[in-house]
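Number of protein chains: 2
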Amino acid sequence: MRIGICGLGTVGSGLFNLLESNRAEIERKVGRDIILSQVGCRRDHPDCDLSSTNVTRDIFEVANNPDVDVLVELIGGTDVAKDLVMQAISNGKHIVTANKALIALHGDEVFSAAEQAGVSVHYEAAVAGGIPIVKSIREGLAGNTIEWVAGIINGTTNFILTEMSREGSNRSFDDVLSEAQALGYAEADPTFDVEGIDAAHKLTILAAIAFGVPLNFSAMYTEGISAISADDIKFADELGYCIKHLGIARQSGDGLELRVHPTLVEKDQMLAQVNGVMNAVMVGSDAAGSTMYYGAGAGAGPTASSVMADIIDIARGGKLPDLGFVSLAPTGILAIEKIRCSYYLRLGVVDQAGVMANVSTILSRHRVSIEALIQKDARRGDAQIVILTDEVLESEMLDAISEIESNEAVTSKVSMIRVSNL
Amino acid sequence: MRIGICGLGTVGSGLFNLLESNRAEIERKVGRDIILSQVGCRRDHPDCDLSSTNVTRDIFEVANNPDVDVLVELIGGTDVAKDLVMQAISNGKHIVTANKALIALHGDEVFSAAEQAGVSVHYEAAVAGGIPIVKSIREGLAGNTIEWVAGIINGTTNFILTEMSREGSNRSFDDVLSEAQALGYAEADPTFDVEGIDAAHKLTILAAIAFGVPLNFSAMYTEGISAISADDIKFADELGYCIKHLGIARQSGDGLELRVHPTLVEKDQMLAQVNGVMNAVMVGSDAAGSTMYYGAGAGAGPTASSVMADIIDIARGGKLPDLGFVSLAPTGILAIEKIRCSYYLRLGVVDQAGVMANVSTILSRHRVSIEALIQKDARRGDAQIVILTDEVLESEMLDAISEIESNEAVTSKVSMIRVSNL
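See the structure below:
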């Protein structure tokens, strides 16, 4: 089988070298040769010896090369990448891509073109790097009705929250973000990661393959971690929780929840043990129960591992539907106001009698009951109240919060963090 | 596609009901009907409505039924199960089995018959219940050279060790074993689980698919947990470790290590978080790095989930080699005396001057250096010494231990537990 690689950055060079180093072992697994017919890249990569490789500076040459059976798209972005992939498909080539944005935003169009052309599109590397989560859900758990998927699917945010949570750290988001940037774990413009957009792309794909619904990035609720304070980390810890940035897709009775946001997770849960830049996806399903998949979510090796798994799947033959379902069900995505969960609230109040009673009264009027409460010693006349609520409809919670914030004894906006109900 | 189920015990009934409840969703995934043609069982199962099912008391009738494309073997054991599977294969039927002993002991013969007959044998449920670990290694990590596999792959032993490790528990192995038996987590004769034979069956399979070597149960080193004492748990904890019963397959420079034994695992490792009857397999590989797969290792639902995944794989078409390799490499299994790792040692000594010096001298003569040491207050004239060693060849360690035990100041056998080096 003849492959063409487009893009020779971190992942592309990782794949090139993986194919070099593991060629014999891979061919022992697939029983046929894997030939690298061509590499399309803007510039050579210092880690790759391209002396015996057919290299072109025009990636579209790869898409049009009759000696390429499988085009591996590793250039990233959505515009040129989409044109490239569509061109390759129209030339009857299978596609392997690590491009989460491409699949999340244009997957429908790409899959439909591929189906017409009789080729397949593989994207294991698009979600959670080296963890074979797409395969595990589409195939390993295919006998189950999936109930929910909850994942730590962005290494940058997990690194920042982990560092903020180190014992005695008391570090601010901004402080740790700077460190993450210095270490290369966060981009100069970190918006894409810390505001949850990257995680939302991945969750879009996970939801589609878990529930057999269309890719629906635009309906996702997305909230980042930039508002999480050292106080939130500390109070959550006191209550027995850590704060993780989760992507959650959950089939509730009322519809499909699709949400990316900081979440309080009980400290003894497996997801709470996933630290640093590591990723993990937990899947709740009717027969297998809860299973979890853990590993590196990014980097040359892990991403190349998943790209290579896709190449091997194609070489071994067999084809399954792009999202794992022959027909997709209507989405029916629940608006975030309609979800039900427990909430963590933190607010500053004037240190005077009756304030707690006022807050309690407002909450109770909105059917919010209190599960746990911390009131911290006043400093400079102010006190902080932290509340853990029982499960309640989010719209009720938001109404209660807006009423609380308008109370004159309340001196801050209310920090609200959802609590995991999985 | 028409399936026949042989065996309607816990897993069989779980599969029967899973097919009933998820039929529509499964057919949406495979694009064709899954028809249950026949069930072969000694007796009906109270949880299954068999009123519209073709039931036979003769399982071989299923193996000979021309209306069955896939025989699902869930009767367990190795003798009749092997005859049944071989008969079905000779009749051109694909096989799905949850039978770890059958694959570990007779897999070679079964696979070879299947290859000749042009059918395939699937066994996802044979290892780690509901966790799709066979698929993850054979396909998801196929681009990697696997370096090691380490798994908590027996729920009974993990339950017992978890209970013994509860804070302040101080319970003995025998005490917790009785509880496990009362809860149905351990058999009346618990040998198979607590002495590691079940885990060794599973590790045999994991090693074959990870390294592409023949199934080689007889070469496995197997040690159970019955010698682990409350003191061991307590001292390990003091040193920063917990004790887990691991199956480890590891490619070292000298050969393939295949070993099942209690192991000290650092408390902050992911495998240390796997408690109760849960299972997890961690895989170390050259590109993806360390990935872990976690879930329920037994039970009707989880096992049926993996059986169903195999059925779905067959229905979707495509076939890969039984162990994931078109040709198997020679095994080259390392004798346990030739592995290198760190060791935990616990021994009773007479409480008198010079004993520790004697022990240290013996260790140093065998090139064993001490990494950490605990000496506990004497009680009734005896003291306990606990030693954590640096990495050393096991044969050296064993020689040192035998010399230590012959020292007259040493009042007990030496408890030796290997320390994880992964």
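Read top to bottom, the protein sequences are chains R and C.
The first sequence: position 126 = 196 (my numbering), numbered continuously.
The second sequence: position 396 = 466 (my numbering), numbered continuously.
Quick reminder that beta carbons are idealized off the backbone N, C-alpha and C, glycines included.
- A direct Cα-to-Cα measurement between Ile-279 of chain C and Gly-177 of chain C gives close to 12 Å.
- Residue-level contact check: Arg-98 of chain C touches chain R, since one or more beta carbons of chain R fall below 8 Å from its beta carbon.
- Ser-296 of chain C is outside the set of residues whose beta carbon lies under 8 Å from a beta carbon in chain R.
- Using a Cβ distance threshold of 8 Å, Asp-452 of chain R and Gly-418 of chain R count as a contacting pair.
- Contact check for Glu-327 of chain R against Gly-310 of chain R fails: the beta carbons are separated by 8 Å or more.
- Ala-187 of chain C and Gly-213 of chain C do not touch by the CB rule: their CB atoms are close to 30 Å apart, not below 8 Å.
- Using a Cβ-Cβ cut-off of 8 Å, Met-340 of chain R counts as an interface residue toward chain C, since at least one Cβ of chain C sits closer than that to its own.
- Pairing Leu-334 of chain R with Ser-430 of chain R, the inter-Cα distance amounts to about 22 Å.
- Gln-108 of chain R and Lys-170 of chain R have their C-alpha atoms spaced approximately 23 Å apart.
- Chain C has no Cβ within less than 8 Å of the Cβ of Leu-328 of chain R.
- The C-alpha of Gly-325 of chain R lies about 14 Å from the C-alpha of Cys-411 of chain R.
- With contact defined as three or more Cβ pairs closer than 8 Å, the stretch 238–256 of chain C and the stretch 271–289 of chain C are not in contact.
- In chain order, Arg-98, Lys-99 make up the part of chain C whose C-beta sits under 7 Å from the C-beta of Phe-395 of chain R.
- Taken atom to atom, the span from the alpha-carbon of Arg-208 of chain R to that of Phe-395 of chain R is near 8 Å.
- Here DSSP, grouped into helix, strand and coil, assigns Met-340 of chain C to helix.
- For Arg-320 of chain R, no Cβ of chain C is located within less than 8 Å of the residue's own Cβ.
- Look at Ala-252 of chain C here: in three-state DSSP terms it is helix.
- Three or more Cβ pairs closer than 8 Å define a contact, and the stretch 367–379 of chain C falls short of that threshold against the stretch 351–358 of chain C.
- Spanning the alpha carbons of Gly-317 of chain C and Gly-317 of chain R requires a straight line of approximately 33 Å.
- The stretch 222–229 of chain R and the stretch 398–411 of chain R do not touch, with fewer than three beta-carbon pairs separated by less than 8 Å.
- Closer than 7 Å at the C-beta level to chain C, one finds these residues of the stretch 195–207 of chain R: Gly-200, Ile-201, Pro-202, Lys-205, Ser-206.
- If you keep only unbroken beta strand (DSSP E) runs of at least 3 residues inside the stretch 286–347 of chain R, you get 311–322, 325–336.
- Within the same chain, no residue comes within 6 Å of Gly-101 of chain C by CB-CB distance, once the 5 residues on both sides are set aside.
- The C-beta distance from Arg-236 of chain R to Asp-137 of chain R rounds to 53 Å, too long to meet the 8 Å contact threshold.
- Membership of Ala-453 of chain R in any alpha helix (DSSP H) is not indicated; the residue belongs instead to the beta strand (DSSP E) covering 452–459.
- Every alpha helix (DSSP H) of 4 residues or more that sits fully in the stretch 71–133 of chain C is shown, in chain order, as 80–100, 129–133.
- Comparing alpha-carbon positions, the option among C:Gly-282, C:Gly-387, C:Met-340 lying closest to Val-204 of chain C turns out to be C:Gly-282.
- Taking 8 Å as the CB threshold, Ser-360 of chain C lines the interface with chain R.
- Using a Cβ distance threshold of 8 Å, Ala-195 of chain R and Ile-223 of chain R do not count as a contacting pair.
- Along the stretch 225–239 of chain R, none of the residues has a CB nearer than 9 Å to a CB of chain C.
- When secondary structure is reduced to three states using DSSP, Lys-163 of chain R falls in the coil class, being assigned neither helix nor strand.
- The Cβ neighbour count for Glu-143 of chain C, taken over all protein chains shown within 10 Å, is at least 16; the residue is labelled buried.
- Just measuring C-alpha positions, the residue of C:His-331, C:Leu-404, C:Met-378, C:Val-191 sitting nearest Gln-321 of chain C is C:Leu-404.
- Within the same chain, and ignoring the five residues on either side of Tyr-291 of chain C in sequence, the residues whose Cβ sits closer than 6 Å to its Cβ are Arg-329, Ile-406.
- Within its own chain, the residues whose Cβ lies closer than 6 Å to the Cβ of Ala-220 of chain R, once the five positions on either side in sequence are excluded, are Leu-316, Ile-318, Met-352, Leu-492, listed in chain order.
- In this structure, the straight-line span from the alpha carbon of Gly-266 of chain R to that of Gly-82 of chain C is close to 43 Å.
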